[in-house]
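The next block holds one structure in the form of structure tokens; read it before the comments.
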Amino acid sequence: MDRYRVRFLPIDRTVYALKGESILDVAMQSGVYINGSCGGNGACGRCRVTVTSGEVSSSGGSPIPAEEYERGVRLACVSYPLGDITVEIPLESQIDRSALKRPQGGRHALAAARADGLVQGWSVDPPTVKKRVKLPPPSLEHNVSDAARLLVELKKQTKIEASLDFDSLEGLSRKLRGADWNVTVTLHCKGSGWTVQNIEEGDTGDKNYAVAVDIGTTTVCAQLIDITAP
0 MDRYRVRFLP
10 IDRTVYALKG
20 ESILDVAMQS
30 GVYINGSCGG
40 NGACGRCRVT
50 VTSGEVSSSG
60 GSPIPAEEYE
70 RGVRLACVSY
80 PLGDITVEIP
90 LESQIDRSAL
100 KRPQGGRHAL
110 AAARADGLVQ
120 GWSVDPPTVK
130 KRVKLPPPSL
140 EHNVSDAARL
150 LVELKKQTKI
160 EASLDFDSLE
170 GLSRKLRGAD
180 WNVTVTLHCK
190 GSGWTVQNIE
200 EGDTGDKNYA
210 VAVDIGTTTV
220 CAQLIDITAP
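Numbering-wise (numbering that gives the first Met the number 0), the sequence shown opens with residue 0 and increments by one.
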């Protein structure tokens, strides 16, 4: 398979590109940092580079003014080497490499005392909570349905009056008996009140996860977080 030599300036690093690989692909694989906020779709126009020698094939992407195009300015994500080339990365297209080299912060970067200070005066009242419920087994004297038994004990032990979501009924009897009548219910507060949305065997109160979403101009990032981890 054809390989082409790609020299990146001003870092003066030479790497090899396979036929069909874009300049941005080669840079990312080689640890050469070029800004590509749109993920290489040619939409943001931030991966501009200048091809100072050699030929490339470019198509699509954010338009480049004619005078810049004549000077060899191209979008790295939609430009493909046709032979050995030299590419200059302008300052505005370079990622802050010093930031990438900084040691990553640990999970305890923010001291608990500081965290408490940040949330003083805030009312933490999440719409979804988990509650452990211990039920008495059925007897001749107390022979109501499992669903009714769960809701009665939930109200008695947590002061929460709730209804059961239809999907949460699946496997209810099996879960109660398999866990010796000790379960954890997940409740969600809607406009009409609390609803039991999930039932888990045993005590799973220490297993809570959330999704943090950062919606930017060209990029959406999501992170699954264990919110009970120290």
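Glycine residues also receive a C-beta, built at the ideal position from the N, C-alpha and C atoms.
Assuming residue 231 contacts residue 83 under a Cβ cut-off of 8 Å, what Cβ separation, rounded to an integer in Å, is found between them? The question about residue 231 has no answer here: the residues shown for the chain are numbered 0 through 229.
Per-residue burial, residue 39 [other beta carbons within 10 Å of its own, 16 or more giving buried]: What you label residue 39 is simply residue 40 of the sequence shown in a count that begins at 1. Classification for residue 39: buried.
Contacting residues, own chain, Cβ-Cβ under 7 Å from residue 204 (five flanking each side not counted): Against the sequence shown, residue 204 aligns to sequence position 205. Correct list, in chain order: 129, 131 and 183.
Selected residue, minimal CA-CA separation from residue 126, among 194, 210 and 224: Within the sequence shown, the letter at position 127 stands for residue 126. Checked all of 194, 210 and 224; the closest Cα to residue 126 is 194.
Is residue 150 helix, strand or coil by DSSP? Within the sequence shown, the letter at position 151 stands for residue 150. If DSSP states are grouped into helix, strand and coil, residue 150 belongs with the helices.
Between residue 219 and residue 36, what straight-line distance do the alpha-carbon atoms span, to the nearest angstrom? Taking the first residue of the sequence shown as 1, we reach residue 219 at position 220. Taking the first residue of the sequence shown as 1, we reach residue 36 at position 37. Computed Cα separation, rounded: 10 Å.
Considering only residues of the same chain and omitting the five flanking positions on each side of residue 148, which have a CB-CB separation below 6 Å? Sequence index remark: in the sequence shown, residue 148 carries index 149 (1-based). The residues are 134.
Where does residue 18 fall in DSSP's three states? Within the sequence shown, numbered from 1, the residue matching residue 18 stands at position 19. In the structure shown, residue 18 sits in coil (DSSP, three-state: anything other than H, G, I, E or B).
How many Å lie between residue 18 and residue 30 at the Cα? For the purposes of this step, residue 18 is taken as the residue at position 19 of the sequence shown. For the purposes of this step, residue 30 is taken as the residue at position 31 of the sequence shown. Rounded to the nearest angstrom, the two C-alpha atoms are 19 Å apart.
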